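First comes the structure, then the notes that go with it.
There are 2 protein chains.
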Amino acid sequence: MRQFIVLGHDAPTTADFSLENLSGAGRLDVLCRCVGAAVFLSHGIREAVRVHLVLDDAYTLRFDSDTLRRLYPDERTIAARIRDALDQREDAIGHQPAEVSPGMELYRFGFESTLDAVADDGTVVQLHAEGTPLPEASTPSDPVFVLSDHEDFTAREAELLTGRADQRLRVGPETLHADQTITVAHNWLDTAGYSEY
Amino acid sequence: MRQFIVLGHDAPTTADFSLENLSGAGRLDVLCRCVGAAVFLSHGIREAVRVHLVLDDAYTLRFDSDTLRRLYPDERTIAARIRDALDQREDAIGHQPAEVSPGMELYRFGFESTLDAVADDGTVVQLHAEGTPLPEASTPSDPVFVLSDHEDFTAREAELLTGRADQRLRVGPETLHADQTITVAHNWLDTAGYSEY
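Line by line, the protein sequences give chains A and B. First residue of the first sequence? That's 1 in my numbering, and the numbers climb one at a time after it. First residue of the second sequence? That's 1001 in my numbering, and the numbers climb one at a time after it.
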């Protein structure tokens, strides 16, 4: 399995945002592109991928590629599904998620609990300017990539991640958008012949 | 310079489409993501990139990263700029483009003329399942990548491209969306230390 945790620092936590202005809704456009980059291939959905969108450190929306239905790669469609999920946020209680639609679950917790929940099941990867360049790195088993939206990690997030990270990787000399980084990570694993199923 | 020609087979050629349904407008969402993947870095615009969106083989909209202004990476903003450009399509006459806004020019010609216009200035790259895998290939100078939207190349397009191609490359074992392919191509060139300026 490949997993991606994406931190949406200003992301909405209620359903009252407009689909006509996603960049104005805490840069939800970036988060939607991250979901698309993580789960879609040209004519299908990748197997064994999970995306965890952390919304303002209050909720985490999990997408499981193996059970997702009726999702399409355009930003607006993905944003509409996120809005539908947030509409059911009252059903997320403690560690019981709201099952908002096939392959999507909304949890009432933020980054630390999300990281705790997945860290033992895989290799937590920290993307870092001083990490090993991808072409020189060994491919991790069951990687968990942790990415931030348009903002940097906060000091607290960076500290948590450093404490949990099993591997530090460098994606490239240029600083990419989170969704672009996901695409590069997938291609790196694809090309290295990584097979998780 | 890095150039990307993207063929939008069903793309609109008039401005009467809705920004609320980009995937229904000839999969304009894919083309918008291609523009975003080509020109944007996390906090800025790449230097020396040109994107040529071929719209239904009737018009070609050229984006020049060095002179682009007020463009943002969300699909809706890019689509709005494409719509503004098509609103001025009557000003594109012969090989004289309509200069629709800084860094954007609309030409009244399709794929063959676009390929003719750029082929002599760079290395035309054909992406092909039997091409050389990226990690094993030498990096082309002034590459011109030619990509198709959600549909395959037509027989005529494939023939034109094969006749013009200087290099055949394979992006990966998985078939990616055109925008994902652009992201991978950029990263490959970035990582190989390619410098064009």
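C-beta: ideal position from N, C-alpha, C; glycine also. Just so it is clear, the structure is predicted and the values come from calculations on it, not from any experiment.
With DSSP run on the structure shown, which of helix, strand or coil describes residue i?
| i | result |
| --- | --- |
| Gly44/A | strand |
| Ala80/A | helix |
| Ser113/A | helix |
| Ser1195/B | Here Ser1195/B scores only 49 on pLDDT, less than 50, and its place in the model should not be relied on; the value that follows carries that caveat. If DSSP states are grouped into helix, strand and coil, Ser1195/B belongs with coil. |
| Pro102/A | coil |
| Val198/A | For residue 198/A there is no data in the structure shown, the boundaries of chain A being 1 and 197. |
| Gly36/A | helix |
| Gly1163/B | helix |
| Glu1075/B | helix |
| Asp179/A | helix |
Tell whether a beta-carbon distance below 7 Å holds between residue i and residue j.
| i | j | result |
| --- | --- | --- |
| Phe145/A | Ala185/A | yes |
| Gly1110/B | Val1049/B | no |
| Phe17/A | Val51/A | no |
| Arg1164/B | Val1124/B | yes |
| Asp1149/B | Gly1008/B | yes |
| Leu127/A | Val171/A | yes |
| Thr1181/B | Leu1147/B | yes |
| Leu169/A | Ala137/A | yes |
| Glu112/A | Leu161/A | no |
| Thr1013/B | Asp1057/B | no |
So is residue i buried or exposed if we call it buried at 16+ other beta carbons inside 10 Å?
| i | result |
| --- | --- |
| Ser1141/B | exposed |
| Glu1020/B | exposed |
| Gln1167/B | buried |
| Gly1103/B | buried |
| Glu1090/B | exposed |
| Tyr1197/B | Legend: pLDDT at Tyr1197/B = 34, less than 50; position of this residue unreliable, no value from coordinates given. |
| Pro133/A | exposed |
| Thr60/A | buried |
Taking the alpha carbon of residue i as the reference point, which residue from the options has its own alpha carbon closest?
| i | options | result |
| --- | --- | --- |
| Ala1178/B | Leu1031/B, Gly1026/B, Gln1126/B and Val1124/B | Leu1031/B |
| Val1039/B | Leu1115/B, Gln1126/B, Ala1165/B and Ile1078/B | Ile1078/B |
| Asp87/A | Tyr107/A, His95/A and Gly94/A | Tyr107/A |
| Ile82/A | Arg164/A, Val35/A and Asp166/A | Val35/A |
| Asn1187/B | Glu174/A, Ala192/A and Leu189/A | Glu174/A |
| Leu1071/B | Gln1096/B, Leu1041/B, Ile1093/B and Asp1121/B | Leu1041/B |
| Asp1190/B | Thr1139/B, Leu1061/B, His1095/B and Arg1069/B | Thr1139/B |
Using DSSP bridges, identify the partner residues of residue i.
| i | result |
| --- | --- |
| Glu153/A | The displayed chain sequence assigns Phe, not Glu, to residue 153/A. Paired residues: none, contrary to the question. |
| Pro140/A | BP columns for Pro140/A are empty, so no partner. |
| Gln126/A | Val146/A and Arg168/A |
| Gln96/A | Ile93/A |
| His1052/B | Ile1005/B and Arg1062/B |
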